[in-house]
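A.B. asks: Got a structure for you, written out below as structure tokens; questions coming shortly.
Residue numbers (my numbering): 5 to 1249.
Have a look at this one:
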């Protein structure tokens, strides 16, 4: 589970965060002012401070926030000056944007706010569509606008070049004020909510931010995404009434509550209209996001908007209006004025209004829905944060409330409170009373706003208003204490947090413990005090209270020097008129410390939008451990007093009793013979077997494993498969020591696994068996795997030299290489390699000979190998007891909706008889509809609904067009396009265990580790990676003892990358997303990130997609599955000279530390058909012949990734006998000779 944060604000305006891996609230020390409300996402947190301005706190990351500014310099040719700045009157600007319509000189670019800084000066981009341009970066065309080329032609009359400059967001982990960027500022804000991050993955980090002003208006912040975290501008949204609170979720719904207590629900929000109206997107080249937004009004009914209309939904209670609402993906929670909790059932994107309200237990003052629809709330009685347990996809309402009981980082750990400490239930401030602040204009606004229905200042000097005074009065000043007045904000909600406190509560009453869990039963509403009228308040002030004080600001920092002057006094006012814009409460009190030892925090607001928890999360939030000193005392009081003499006597007596028992039990069996030295045991079961001959079908068989052990402890066994053929009983068998791999097979209907032997590997036809249940299949796989390892003497974790591979299903396998695997001229055939499974689930894996192994999941999560073995379905002796962790992975399942155009109805789902299915897979050969498409296997579960995938170049509705099926698709319609398709995606999740530990927080798409030699003395291992957005990263602090490293170092690039590899002597090669190759210069231990990128021309008319670098060799694979070798790579010229084609039908390549070449190949011929995803080994690779000679085929198909970068085992030197050599004295056993298929140009062709 990744570490994420739960954000909260206490009644004093202090902001805290609670980590999912932590056990205490950490105060946000950077905040120099009080906050009223916060709203969080995983990458940032927004907040409203008491000055009613909005602030942003972007979480610090090793991956910086960089924005690329670009402008184009345009020139036209004339016969006199050649290319010059003199353009025609009808031409574009000399300095313009890419369209030429906007004037953009270099000096017109300004930083958006003080939170940004320039990384460097302007420079010319000398790359064009993956190819280097001539010096100067110019591209040429006939005229503006036209198609540009990097080569100058005779008719090139215009040219242009692109200038780039980067700016970096520097205000990380600090609260930065959001600039207005408007001449007329919006009203002061009172509520804020962000969401919309799950609708679209592009652009990266897109958020929708909604705010409510004090005037009840709703504002939408446009242009928020990763490269622009502050957004661009505020836009006011039309409303049917005044709004008091808003909540934005990750989906495509919007709810609201008006001042009258009615909810309003906004419909019509889509990917291209995040605000719910059919308006243009924020930017021309950026896709907009969909949001779920809920707003709460004061009167209690709900409206629903379709495009520009609102629909009404009844309040949960007809007599009591709503005051608060919170939304998630498919849930709506609401609170009414009587603090009752309500759950809205039937809410989803197709039915945003839901179907009805369900009353839930508990009384809360605010509620918030976090990630995965998890629910957090603040209780109205003890102001504690509660977590809703049992919330799952099938039970969205959860089961029970449980209090989050963890201390704050400033809480005192001792158990004895001083006599003059503040009681835990009090709502007090600590600080010096100051005059009205001249820098804060909020207090003055509040003062003015209080005249129309206003909050009243109430203080009291009656004896009931004071807590017990300390017995020692020697330190108290003789003069009367000055009342301490908290800062008053215009937020009526925070003012009401303490309005229900009885002024006469004592320290004893306030210190009562709150219940740990609210069970599912009715909770009586807390008693309230009758609100005092205005006259009563005034009379109290005149009779004994102080005169009306000025509105004051309260310094939240501890006033250490004023503690001796503090007086214990307090007064609490009842809630003022809720119809006013502000409700005010003040207190007069003092205390010795900021909190007492037994005090629990008093929370005002909670936000779980950035807190990633689910029903399987292991949280340490509910066990506030008791004081250590009291525990030690209790243990000491229970200990027995035992003298040394008694201890010696007991030991002597126990020893004598054990000797007598041993003699009595062993002597009676001495006459028996020695037990047998061999043992045989058999395990039987029933399964289904995929028959070898036609017609191929599943046949019921009996399956048996017979295992025996020899006198020396060596173990072996035989597999038997008994079947009937024309009423005749027959069987198949396979020796355990011949089994090379056991593979779970990807099948959504049967629990299937395959058994390979060397002979069946050649045929590409394994023994396929299907168990009745998933548990039975896992039991057999674990048993057979242990038996195979025992027969080969393999135990424990993989060695540092192991070869790692991954199947297309995500299963992880390792093989221990033999010394003869790379021997010449007779290497060990790779179809005889034994592969065993390791728990976990990955998409990419990378290793080196020091034992460092990294992996990347389908959801781009990075994982590091912990040194264990087993996990998953391996239990008991088949798995290590430590270094096994829970691992999750998320992937998307895709189906395609196909349509054909006809002259009458346009595009419809009625195709020609020869067309593909109207709902199909990518190939169009298999029908795949939304209803019949299942997760890849029973281990996967759906975690989202079907949604249109807009990636890959589509129109606004997600369609791609082509002339016919199948063809080259494009994202815009032309006159020749008669068919179209669009892709639908649905996410599924897998949870397993394995020896892998997560490395947050940056998602990765590729990783590479330096392939060290066998006797390497490198301490810090270079490790490079590429984020899922194309950023290049260098990992610092990676060693054999700390394989996870310490931090990321960002390496600047001009474009996103997709593949990277580091070889010997820190040679770093990378592939950009446009298919071009780059070499990183000057990489060393002193400069781990190097200094600059050198562009390497790609093979002619090819776009590269993957690179792998060994000791001296550089290999790449292009998008057409061709394998290329870089010639001329030397230490003095590491960029090489040219590319040479080696083979085709190659999916992945891995180059080892000794320049070994291994690939994943497609179209490998088997006995029945072509096999895709086969592990192949290049034979004949030598220092003088690095390209090798032929291919040796290993395990497959269905393999997706392999890495041999850990195998630094030097092959044995074999000297072939010569004809002139004298004959050997003894008999010789010839080396096994195997006919290798020689194919120097193609794999399987």
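Note that the Cβ used here is the ideal one computed from N, Cα and C, for glycine as well.
Being a predicted model, the structure only gives us computed values, none of them experimental.
If residue 1025 and residue 1209 are in contact, beta carbons under 8 Å, what's the gap, nearest whole angstrom?
C.D. replies: The count along the chain shown starts at 1 and reaches residue 1025 at position 1021. The count along the chain shown starts at 1 and reaches residue 1209 at position 1205. Actually they do not touch by this definition, with Cβ atoms about 11 Å apart.
A.B. asks: I need the DSSP call for residue 353, collapsed to helix, strand or coil.
C.D. replies: Start at 1 with the first residue of the chain shown, and residue 353 comes out as number 349. In the structure shown, residue 353 sits in coil (DSSP, three-state: anything other than H, G, I, E or B).
A.B. asks: So, helix, strand or coil for residue 659, using DSSP?
C.D. replies: Within the chain shown, residue 659 is the residue found at index 655, counting from 1. In the structure shown, residue 659 sits in a helix (DSSP, three-state: H, G or I).
A.B. asks: For residue 736, count neighbouring C-beta atoms within 10 Å of its own C-beta (all shown protein chains included) and say buried if the count is 16 or more, exposed if not.
C.D. replies: The residue labelled residue 736 in the question sits at position 732 within the chain shown. By the neighbour-count rule (16 or more Cβ atoms within 10 Å), residue 736 is not buried but exposed.
A.B. asks: Return the CA-CA distance between residue 1066 and residue 816, expressed in angstroms with no decimal places.
C.D. replies: As a first step, residue 1066 must be located in the chain shown, where it is residue number 1062. As a first step, residue 816 must be located in the chain shown, where it is residue number 812. Using only the alpha carbons, I get a separation of about 23 Å.
A.B. asks: Would you kindly check if the distance between the Cβ of residue 876 and the Cβ of residue 843 is under 7 Å?
C.D. replies: Position 839 of the chain shown holds residue 843. Position 872 of the chain shown holds residue 876. Yes; because the gap between Cβ atoms is below 7 Å, this pair is in contact.
A.B. asks: With DSSP as the reference, label residue 33 as helix, strand or coil.
C.D. replies: Translated into positions along the chain shown, residue 33 becomes position 29. Note: residue 33 maps to coil in three-state DSSP.
A.B. asks: Taking 8 Å as the threshold, find out whether the region 973-989 comes into contact with the region 40-52 through three or more Cβ pairs.
C.D. replies: In short, these stretches do not touch, since the Cβ pair count stays below three.
A.B. asks: Mind checking who residue 384 pairs with in its DSSP beta bridge?
C.D. replies: For this step, residue 384 is matched to residue 380 along the chain shown. Partner(s): none; residue 384 has no beta bridge.
A.B. asks: Using alpha carbons as the reference points, say which of 1202, 75, 351, 621 lies closest to residue 769.
C.D. replies: Along the chain shown, read from residue 1 onward, the residue named residue 769 stands at position 765. Answer by Cα proximity: 1202.
A.B. asks: Less than 7 Å between the beta carbons of residue 1092 and residue 1038, yes or no?
C.D. replies: The residue labelled residue 1092 in the question sits at position 1088 within the chain shown. The residue labelled residue 1038 in the question sits at position 1034 within the chain shown. Cβ atoms of residue 1092 and residue 1038: closer than 7 Å.
A.B. asks: Among the residues of its own chain, which have a CB less than 7 Å from the CB of residue 41, if the five just before and after it don't count?
C.D. replies: Your numbering for residue 41 matches position 37 in the chain shown. Answer for residue 41: 13, 51, 52, 195, 196, 609, listed in chain order.
A.B. asks: Starting from residue 992 and walking both ways along the alpha helix (DSSP H), at which residues does that stretch end?
C.D. replies: Within the chain shown, residue 992 is the residue found at index 988, counting from 1. First-last for residue 992: 983-998, but that is the beta strand (DSSP E), not the alpha helix (DSSP H).
A.B. asks: Using the Cα positions of residue 24 and residue 890, report the straight-line distance between them to the nearest angstrom.
C.D. replies: Taking the chain shown and counting its residues from 1, the one referred to as residue 24 is at position 20. Taking the chain shown and counting its residues from 1, the one referred to as residue 890 is at position 886. Their Cα atoms are separated by approximately 15 Å.
A.B. asks: By the DSSP assignment, the beta strand (DSSP E) with residue 393 in it spans what residues?
C.D. replies: Reading the chain shown from its first residue, position 389 is the one you call residue 393. Taken as a continuous stretch (DSSP letters only), the beta strand (DSSP E) holding residue 393 covers 389-393.
A.B. asks: Label residue 8 either buried or exposed according to how many other C-beta atoms from any shown protein chain fall within 10 Å of its C-beta, with 16 as the threshold for buried.
C.D. replies: Within the chain shown, residue 8 is the residue found at index 4, counting from 1. Residue 8 comes out buried.
A.B. asks: Measure the C-alpha to C-alpha separation of residue 213 and residue 148 and round it to an integer number of angstroms.
C.D. replies: Here residue 213 is taken as the residue at index 209 of the chain shown, counted from 1. Here residue 148 is taken as the residue at index 144 of the chain shown, counted from 1. So the alpha carbons of these two residues sit roughly 39 Å apart.
A.B. asks: For the alpha helix (DSSP H) that contains residue 790, what are its first and last residues?
C.D. replies: One-based indexing of the chain shown puts residue 790 at position 786. Start and end: 778-796.
A.B. asks: Under three-state DSSP, which class holds residue 706?
C.D. replies: Stepping through the chain shown from its first residue, residue 706 is reached at position 702. Strand, per DSSP.
A.B. asks: Near residue 106, which residues of its chain fall below 8 Å by C-beta distance, leaving aside the five closest residues on each side in sequence?
C.D. replies: Residue numbering aside, residue 106 sits at position 102 when the chain shown is read from its first letter. Here the set comprises 97, 100.
A.B. asks: When you compare the CB positions of residue 326 and residue 337, do they come within less than 7 Å of one another, or not?
C.D. replies: Sequence index remark: in the chain shown, residue 326 carries index 322 (1-based). Sequence index remark: in the chain shown, residue 337 carries index 333 (1-based). Not closer than 7 Å, so no.
A.B. asks: Just tell me which of 957, 218, 228 has its CA closest to the CA of residue 209.
C.D. replies: Here residue 209 refers to the residue found at position 205 when the chain shown is read from its first residue. Selected option, being the one with the closest Cα: 228.
A.B. asks: Go ahead and pull the three-state DSSP assignment for residue 1173.
C.D. replies: Locating residue 1173 in the chain shown gives position 1169, where the first residue counts as 1. Three-state DSSP puts residue 1173 in coil, outside helix and strand.
A.B. asks: What does a CB cutoff of less than 7 Å around residue 741 pick up in its chain, not counting 5 residues either side in sequence?
C.D. replies: What you label residue 741 is simply residue 737 of the chain shown in a count that begins at 1. Closer than 7 Å at the Cβ level, and outside the excluded window around residue 741, lie 720, 795, 796.
A.B. asks: Along the chain, where does the alpha helix (DSSP H) that runs through residue 249 open and close?
C.D. replies: Your numbering for residue 249 matches position 245 in the chain shown. It is not in any alpha helix (DSSP H) - residue 249 instead sits in the beta strand (DSSP E) that spans 247-253.
A.B. asks: Give me the residue from 356, 390, 359, 260 with the minimum Cα distance to residue 365.
C.D. replies: Counting from one through the chain shown, the residue named residue 365 turns up at place 361. Nearest of 356, 390, 359, 260 to residue 365, Cα basis: 390.
A.B. asks: Do residue 1162 and residue 1206 count as a contact pair if the criterion is CB distance below 7 Å?
C.D. replies: One-based indexing of the chain shown puts residue 1206 at position 1202. One-based indexing of the chain shown puts residue 1162 at position 1158. Yes; because the gap between Cβ atoms is below 7 Å, this pair is in contact.
A.B. asks: Under 7 Å, Cβ to Cβ, is there at least one residue of chain D near residue 626?
C.D. replies: The question asks about chain D, but that chain is absent: this structure has only one protein chain.
A.B. asks: For residue 19, count neighbouring C-beta atoms within 10 Å of its own C-beta (all shown protein chains included) and say buried if the count is 16 or more, exposed if not.
C.D. replies: The residue labelled residue 19 in the question sits at position 15 within the chain shown. Looking at its Cβ environment, which holds 16 or more other Cβ atoms inside 10 Å, residue 19 is buried.
A.B. asks: Between the alpha carbons of residue 440 and residue 861, how many angstroms are there, rounded?
C.D. replies: For this step, residue 440 is matched to residue 436 along the chain shown. For this step, residue 861 is matched to residue 857 along the chain shown. Its pLDDT being 39, under 50, residue 440 is placed unreliably by the model, and nothing is read from it.
A.B. asks: Helix, strand or coil for residue 740? Go by DSSP, reduced to three states.
C.D. replies: Locating residue 740 in the chain shown gives position 736, where the first residue counts as 1. Three-state DSSP puts residue 740 in a helix.
A.B. asks: Taking all protein chains shown into account, do 16 or more other C-beta atoms lie within 10 angstroms of the C-beta of residue 1030, making it buried, or fewer, making it exposed?
C.D. replies: Indexing the chain shown from 1 puts residue 1030 at position 1026. Counting Cβ neighbours within 10 Å, residue 1030 comes out buried, since at least 16 surround it.
A.B. asks: Measure the CB-CB distance between residue 179 and residue 386 and report whether it falls below 7 Å.
C.D. replies: Position 175 of the chain shown, counting from 1, holds the residue named residue 179. Position 382 of the chain shown, counting from 1, holds the residue named residue 386. No. Outside cutoff.
A.B. asks: Grab me the residues of residue 498's own chain with a C-beta within less than 7 Å of its C-beta, minus the 5 sequence neighbours each way, in chain order.
C.D. replies: Mapped onto the chain shown, residue 498 falls at position 494. The predicted position of residue 498 is uncertain, since its pLDDT is 43 and thus under 50; no value can be drawn from it.
A.B. asks: Do residue 826 and residue 1215 come within 7 Å of each other at the CB atom, strictly closer than that value?
C.D. replies: On the chain shown, residue 1215 is found 1211 positions in, with the first residue counted as 1. On the chain shown, residue 826 is found 822 positions in, with the first residue counted as 1. Yes; because the gap between Cβ atoms is below 7 Å, this pair is in contact.
A.B. asks: Comparing alpha-carbon positions, which option in 150, 29, 76, 1200 lies nearest residue 765?
C.D. replies: For the purposes of this step, residue 765 is taken as residue 761 along the chain shown, with counting starting at 1. Selected option, being the one with the closest Cα: 1200.
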